[in-house]
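Structure record follows, encoded as structure tokens.
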Amino acid sequence: MIKQIRFSDFFSQKKSYLFIIITLVFVSCKENTILPNDLVPPIDNINTFSQDTFSIISNNVYQDSILTGGLRNNSQISATSTYYQALGTITNDPIFGKTNANIHVEVLPPVANFTFKSQAAGTSRTIDSIVLAIPFNKTYGDTITAPLQTYKVFRSLKKFDRADAQFEFTNDSIDNTPLSSLTVNYNTFRTDSPTVNSIKLVPQLRFKMSQSFIDTLENQIDLGSQGAAVDFNSFLNWWNGFYIQADSNSGNTLGYFDTYNTRLYIYYRYTKTDMQLDTVADVFSFDPSYCNRFNQISRNYTSTPIFNYLSSPNPNGDSILFVQREPGVAATIKFPYLHTLENCIVNQAELFLYAISPYNNFSDTMKFGMIPQMQIFQSDSAGEDKIIADYGLFGASVVDGTYKSVTIGGITYIRYKFAVTYAIQTLISEKNSNFNFKIMGLNNGYPASGRVMLAGNSTATASIRPKLKIIYTKIQK
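In terms of this note's numbering, the sequence shown opens at residue 1 and continues consecutively.
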């Protein structure tokens, strides 16, 4: 929250001096006319005013093009260890429809020129199993009434360069023969600890790979300098990665997995040169310096309330705003007349959005949860989005976007708040009639999780419509 200092004594004695400063600031830098956050003057309705009755038009829009892998604008998201990937299907969110999420991930041998352990002449090696393991992080969705999810692993046939951008709509190309399949029960999965060689492991997906994969990999390694394991580039050119696909027709849960720590375990027995039998495990890993990973995520709003809002937006504003963590539905906020406001010093500007009542009574809220924090962008008439300058100037904690309970007319509501002082100052100073805000769930490393329904400007209850509150000071002429 933007800080306010009570300095009524100072203001009453030094009013003229303060306005000389304000005027000089405005003249010297027309585009940066904001007072520091701790110098917001008190409202006297003579020079400084508070207003929260600005016209607002709010609509729903689909927000796509979320970066889920590769590189874009110097952001190497595939190498970000705190970015988790969704895997699963939500088939029956009664308000927000269907979500399906799949994963592409790559692994490499531990070293170039990788070979199996040296074995005694005339003896053979036996690979008992190869397991693709991916640590579990959390779930989102209904883990009670529809806890089962089935996943299959396929060979990717397409090379995805780390220097390119992969989005939620990026499609993989695969060999249609499954290498492994696994059914997960999310009622128990989060507490399940698999035991390997008497060691308890963290909850994780463990795909036991097919014999055909075992034979193919073993053959490439045994080819030595002529095989794919001779160096990292050769290996990735030979094996483009794994595509992990969720059954799109069942389940109601997304699992989030730490693909940054993906491992491929090769368990085998061999006879050492001293003729002793040994059992070992070689480990291939996701290497952020060479490997890529990305999330493929789709939404389907057919037969949901959202569908009509997206296909036929009300030019005067929608009554309900549906917001998801991207990719998904976002809200646009327009101020059709704010640019006509006489130039002024914007001391403080806050945007308030309210979850619709009785949102807390919806049974699906317990299953799918509310977005704990939202983010705000500036969007132009062409639909191009950019981060508002307030984040860089004041910090994300000041811009906020979290929700709190507030009481209006004796009724408790859930309200989200954004501090947007600089953005609104810029709108007014530049007389920008194309200025819009776009609101979406904060992307905190868990794509496609969380949603909320907000009151739009056409809702019948006026007290919970989107509201912009500005404290501003007239400029002395």
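For glycine and all other residues, C-beta sits at the position ideal for the given N, C-alpha and C.
**Message:** If you reduce the DSSP assignment to three classes, tell me which class GLU218 lands in.
**Reply:** Translated into the one-based positions of the sequence shown, residue 218 becomes position 218. Looking at GLU218 - three-state DSSP - the assignment turns out to be helix.
**Item:** Residue nearest to VAL563 in terms of C-alpha spacing, selected from LEU254, PHE136, GLN166 and SER250
**Value:** Lying before the first or after the last residue shown, residue 563 is absent from the chain, which here runs from 1 to 477.
**Asked** Straight-line CA distance for LEU310 to PRO109?
**Response** Stepping through the sequence shown from its first residue, residue 310 is reached at position 310. Stepping through the sequence shown from its first residue, residue 109 is reached at position 109. For LEU310 and PRO109, the distance between alpha carbons rounds to 47 Å.
**Asked** Taking buried to mean at least 16 other C-beta atoms within 10 Å of its own C-beta, is PHE169 buried or exposed?
**Response** Reading the sequence shown from its first residue, position 169 is the one you call residue 169. PHE169 comes out exposed.
**Asked** To the nearest angstrom, how far is it from the Cα of ASP287 to the Cα of VAL107?
**Response** One-based indexing of the sequence shown puts residue 287 at position 287. One-based indexing of the sequence shown puts residue 107 at position 107. Approximately 7 Å between the Cα atoms of the pair.
**Asked** Is the stretch 445-452 touching the stretch 315-330 in the sense that three or more CB pairs, one from each, lie closer than 8 Å?
**Response** Here the stretch 315-330 lies against the stretch 445-452, with 3 or more beta-carbon pairs under 8 Å apart.
**Message:** Can you look up PHE284 in the DSSP assignment and give me helix, strand or coil?
**Reply:** As a working mapping, residue 284 is identified with position 284 in the sequence shown. Looking at PHE284 - three-state DSSP - the assignment turns out to be strand.
**DSSP three-state assignment for ASN92, whether helix, strand or coil** = Start at 1 with the first residue of the sequence shown, and residue 92 comes out as number 92. The three-state reading of DSSP puts ASN92 in strand, counting E and B together.
**Asked** If we count Cβ pairs, one from each stretch, closer than 8 Å, do we get three or more for the stretch 63-79 versus the stretch 273-284?
**Response** Cβ pair count under 8 Å is below three, so no.
**Message:** Relative to the C-alpha of LEU341, which candidate in PHE49, ASN59 and PRO147 has its C-alpha closest?
**Reply:** Indexing the sequence shown from 1 puts residue 341 at position 341. Taking only the C-alpha atoms, the option nearest LEU341 is PHE49.
**Prompt:** So what does DSSP say about VAL323, is it helix, strand or coil?
**Reply:** The residue you call residue 323 lines up with position 323 of the sequence shown. In the three-state reduction of the DSSP assignment, VAL323 falls in the strand class.
**Prompt:** Can you give, in chain order, each stretch of the beta strand (DSSP E) that sits fully within the stretch 192-218 and has at least 3 residues?
**Reply:** Entirely contained in the stretch 192-218, the beta strand (DSSP E) runs reaching 3 residues are, in chain order, 204-208.
**Request:** Take ASN314 and list the residues in its own chain whose beta-carbon comes closer than 8 Å to its own, dropping the five residues that flank it on each side.
**Result:** In the sequence shown, residue 314 corresponds to position 314, counting from 1. Closer than 8 Å at Cβ, skipping near neighbours: ASN59 and SER458.
**Message:** Distance check for ALA229 and SER129, CA to CA, integer angstroms please.
**Reply:** Here residue 129 refers to the residue found at position 129 of the sequence shown. Here residue 229 refers to the residue found at position 229 of the sequence shown. C-alpha separation (whole angstroms): 19 Å.
**Request:** List the whole-angstrom C-beta distance separating LYS438 from THR332, where the pair is believed to meet the contact cut-off of C-beta under 8 Å.
**Result:** Here residue 438 corresponds to residue number 438 of the sequence shown, with the count starting at 1. Here residue 332 corresponds to residue number 332 of the sequence shown, with the count starting at 1. Taking the Cβ atoms as the reference, LYS438 lies roughly 5 Å from THR332, within the contact range of under 8 Å.
**Request:** Could you give the DSSP three-state label for ARG190: helix, strand or coil?
**Result:** Here residue 190 corresponds to residue number 190 of the sequence shown, with the count starting at 1. ARG190 falls in the helix class under three-state DSSP.
**Item:** Residue range of the unbroken alpha helix (DSSP H) whose run includes PHE235
**Value:** Reading the sequence shown from its first residue, position 235 is the one you call residue 235. Counting along the chain, the alpha helix (DSSP H) containing PHE235 begins and ends at 232-238.
**Message:** Rounded to the nearest angstrom, what separates ILE43 and PRO336 at their Cα positions?
**Reply:** What you label residue 43 is simply residue 43 of the sequence shown in a count that begins at 1. What you label residue 336 is simply residue 336 of the sequence shown in a count that begins at 1. In a straight line, the C-alpha of ILE43 is about 25 Å away from that of PRO336.
**Request:** Report the option in LEU148, ALA396 and THR195 whose CA atom is closest to the CA atom of LEU254.
**Result:** Along the sequence shown, read from residue 1 onward, the residue named residue 254 stands at position 254. Distance from the Cα of LEU254 is smallest, within the candidate group LEU148, ALA396 and THR195, for LEU148.
**Own chain, CB closer than 6 Å to TYR354, minus 5 neighbours either side, in chain order** = Translated into the one-based positions of the sequence shown, residue 354 becomes position 354. Closer than 6 Å at Cβ, skipping near neighbours: TYR413, ARG415, ALA455 and ILE464.
**Prompt:** When DSSP builds the beta bridges, which residues end up paired with ASP161?
**Reply:** Your numbering for residue 161 matches position 161 in the sequence shown. Listed as beta-bridge partners of ASP161 by DSSP are no residues whatsoever.
**Prompt:** Beta-carbon separation of TYR478 and SER156 under 9 Å?
**Reply:** It is not possible to answer for residue 478, since the shown part of the chain is limited to 1 through 477.
**Request:** Just grab the DSSP bridge partners of SER118 for me.
**Result:** The sequence position of residue 118 within the sequence shown is 118, counting from 1. Beta-bridge pairing links SER118 to no other residue.
**Prompt:** For ILE464, does the three-state DSSP call read helix, strand or coil?
**Reply:** Indexing the sequence shown from 1 puts residue 464 at position 464. The answer is helix: DSSP assigns ILE464 an H, G or I state.
**Prompt:** For the candidate residues LYS117, ALA101, PRO94 and GLY70, whose alpha-carbon lies nearest to that of ARG299?
**Reply:** Walking along the sequence shown from the start, residue 299 turns up at place 299. A check of alpha carbon separations from ARG299 across LYS117, ALA101, PRO94 and GLY70 identifies ALA101 as the nearest.
**Request:** Determine the direct distance from the alpha carbon of SER429 to that of LYS3, and round the result to whole angstroms.
**Result:** As a position in the sequence shown, residue 3 is number 3, starting the count at 1. As a position in the sequence shown, residue 429 is number 429, starting the count at 1. Interpretation of LYS3 is limited by its pLDDT of 32, a score under 50 that renders its predicted location unreliable; no figure is taken from the coordinates.
**Request:** Would you identify the three-state DSSP class for PRO372, choosing helix, strand or coil?
**Result:** Sequence index remark: in the sequence shown, residue 372 carries index 372 (1-based). Note: PRO372 maps to coil in three-state DSSP.
**Asked** By DSSP, does LEU67 sit in helix, in strand, or in coil?
**Response** To locate residue 67, count along the sequence shown from 1; it is residue 67. DSSP, reduced to helix, strand and coil, places LEU67 within a strand of the structure shown.
**Asked** Does the beta-carbon of LYS480 have 16 or more other beta-carbons within 10 angstroms, so that it is buried, or is it exposed?
**Response** The requested residue 480 does not occur in the structure, where the chain is confined to residues 1 to 477.
**Item:** Selection from GLN51, TYR83, THR53 and LEU71 that minimises the alpha carbon distance to ASN444
**Value:** As a working note, residue 444 is residue 444 in the sequence shown. If we check each option's Cα against that of ASN444, TYR83 comes out closest.
**Item:** Beta-carbon proximity of ASP93 to ASN252, cut-off 9 Å
**Value:** Within the sequence shown, numbered from 1, the residue matching residue 93 stands at position 93. Within the sequence shown, numbered from 1, the residue matching residue 252 stands at position 252. Going by C-beta atoms, ASP93 is nearer than 9 Å to ASN252.
**Asked** Cα separation between ILE57 and THR262?
**Response** Position 57 of the sequence shown, counting from 1, holds the residue named residue 57. Position 262 of the sequence shown, counting from 1, holds the residue named residue 262. If I take the Cα positions, the gap works out to 46 Å.
**Prompt:** How far does the beta strand (DSSP E) with PHE483 in it reach, from first residue to last?
**Reply:** Residue numbering for the chain in the displayed model covers 1 to 477; residue 483 lies beyond these limits and cannot be assessed.
**Asked** Out of curiosity, what's the CA-to-CA distance linking PHE213 and LEU179?
**Response** Numbered from 1 along the sequence shown, position 213 holds the residue referred to as residue 213. Numbered from 1 along the sequence shown, position 179 holds the residue referred to as residue 179. Between the alpha carbons of PHE213 and LEU179 lies a distance of about 7 Å.
**Prompt:** For the alpha helix (DSSP H) that contains GLN425, what are its first and last residues?
**Reply:** As a position in the sequence shown, residue 425 is number 425, starting the count at 1. Where GLN425 is concerned, the enclosing alpha helix (DSSP H) stretches over 421-430.
**Item:** Bridge partners - LEU454, DSSP secondary structure assignment
**Value:** Here residue 454 corresponds to residue number 454 of the sequence shown, with the count starting at 1. Beta-bridge pairing links LEU454 to LEU321 and ALA355.
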